[in-house]
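This report concerns only the one structure given below.
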Amino acid sequence: MSETIEKVKCLIIGSGPAGYTAAIYASRANMYPVLYQGTQPGGQLTTTNDVENFPGYPEGITGPEMMMQLQEQAKRFGSDIRDGWVTKVDFSGDIHKVWVNETTEIHCETVIISTGASAKYLGLPSEQKYLQLGGGVSACAVCDGFFYRNQEVVIVGAGDSACEEAHYLSKLCKKVTMLVRRDAFRASRIMEARVRNTENIEILLNTNTVEVLGDGQVVTGVKAKNNTSGEEIEIPATGFFVAIGHKPNTDIFKDYLNLDETGYIINTPGSSKTNIDGVFVSGDAADHVYRQAVTAAGTGCMAALDAERYLAAKEG
Ligand code: NDP
9 MSETIEKVKC
19 LIIGSGPAGY
29 TAAIYASRAN
39 MYPVLYQGTQ
49 PGGQLTTTND
59 VENFPGYPEG
69 ITGPEMMMQL
79 QEQAKRFGSD
89 IRDGWVTKVD
99 FSGDIHKVWV
109 NETTEIHCET
119 VIISTGASAK
129 YLGLPSEQKY
139 LQLGGGVSAC
149 AVCDGFFYRN
159 QEVVIVGAGD
169 SACEEAHYLS
179 KLCKKVTMLV
189 RRDAFRASRI
199 MEARVRNTEN
209 IEILLNTNTV
219 EVLGDGQVVT
229 GVKAKNNTSG
239 EEIEIPATGF
249 FVAIGHKPNT
259 DIFKDYLNLD
269 ETGYIINTPG
279 SSKTNIDGVF
289 VSGDAADHVY
299 RQAVTAAGTG
309 CMAALDAERY
319 LAAKEG
């Protein structure tokens, strides 16, 4: 049973660059947005060290610092930023209902979904340790590859993302070793051919990661095992990239919104509109292609503008 019912013009779910940018635009348009941050305020960028590719930061900035700044900017124009986890929605009527922490019920004229996606990891304790330490484990080559210039790195995965990221890394790094768990790629032939034809990418088929090796602070190598011969090897590397897919955080919307087979929300091309009037999507929850902070921010802006126009049309 809900304890309270609150009415809001614009509810934003999620707090990465998409959500905060939507909040900046919505608050400046007098939509009095309320933003729920979720369990990881700041989103995926809070697990990145230095962000060097977001325009406007010539010296770079850390992910958490950038998220704090975006939050401050949203608050400056009156966005109501709250802690809380959206647990349920009901988009069946004109007024969209959202429940926070199971108890608070909110009735919304518009909803902007910015719940993002989570990179999948192998789950090895050594991988998680160096990920938490910021010591050389990454799920984003475009974000972090630059820090491994002229060094040797290992990448796990054999889909289009892994191939694209391995190829990206091969242009920066001395050597890229790609660990593929089966005897075949999942990637499209053209992407597979590209990595196979790149001189400084070594592909190890039928190979699993056993352990990420390190000195307690940073990654120094990877222990891998051939799952047909049983042979174990140690590969020297300063970076360990995981490219085994992402999971969009969209489970709570599946009864109402059109999702693709992986769970990404399907938006109307060129806009942030979903199949439900008044519900908009921004950021990685609808984007398996670009997945960058700057593109997420751009779609956050689009969602706020689309929501504003929707309200204006409704109010006549
Ligand atoms: P995919 O699900 O396509 O591929 C995941 C890869 O990771 C597979 O090779 C899988 O192996 C491997 N993997 C999964 N779990 C493990 C594990 N525990 N240990 C080792 N390997 C593992 O994800 P992607 O992110 O690559 O792609 C997602 C979607 O986005 C796809 O539809 C893809 O086509 C698309 N995409 C398109 C691009 C483009 O067109 N430019 C670029 C990037 C993505 P296995 O094959 O054995 O299951």
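So in my numbering, spot 54 of the sequence shown is number 62, and the numbers just go up one at a time. Beta carbons: idealized from backbone N, C-alpha and C, even for Gly.
- Item | Buried or exposed (CB count within 10 angstroms, at least 16 for buried), residue 40 | With fewer than 16 other Cβ atoms from the protein chains shown falling within 10 Å of its own Cβ, residue 40 counts as exposed.
- Where the alpha helix (DSSP H) through residue 181 begins and ends: That residue, residue 181, is in no alpha helix (DSSP H); it is neither H nor E in DSSP.
- Task: Please report the Cβ distance between residue 128 and residue 254, rounded to the nearest whole angstrom; I am assuming they are in contact, meaning their Cβ atoms lie under 8 Å.
- Result: Between residue 128 and residue 254 the beta-carbon gap is near 6 Å, inside 8 Å, which marks them as a contact.
- Message: Can you tell me whether residue 175 is helix, strand or coil according to DSSP?
- Response: The three-state secondary structure of residue 175, taken from DSSP, is helix.
- Message: When you compare the CB positions of residue 64 and residue 22, do they come within less than 9 Å of one another, or not?
- Response: No, they are not a contact pair.
- Straight-line CA distance for residue 124 to residue 237? Spanning the two alpha carbons is a distance of roughly 40 Å.
- Query: Just the Cα atoms here: how many angstroms apart are residue 180 and residue 217?
  - Reply: Each residue's CA atom was taken as its position, placing residue 180 and residue 217 some 23 Å apart.
- Task: Using the Cα positions of residue 178 and residue 190, report the straight-line distance between them to the nearest angstrom.
- Result: Cα to Cα, the separation comes out at about 22 Å.
- Limits of the alpha helix (DSSP H) - the one that residue 138 falls within: Counting along the chain, the unbroken alpha helix (DSSP H) around residue 138 starts and ends at 133–141.
- Message: Please give the ranges of any alpha helix (DSSP H) in the segment 288–312, keeping only runs that are unbroken, at least 4 residues long and fully inside the region.
- Response: Inside the segment 288–312, DSSP marks no whole alpha helix (DSSP H) run of 4 or more residues.
- Item | Own chain residues within Cβ distance below 8 Å of residue 13, not counting five before or after | If we look at residue 13 and ignore the five residues flanking it on each side, its Cβ neighbours are 113, 114 and 115.
- Task: Note the first and the last residue of the continuous beta strand (DSSP E) segment covering residue 98.
- Result: Per DSSP, residue 98 is one residue of the beta strand (DSSP E) stretching across 94–98.
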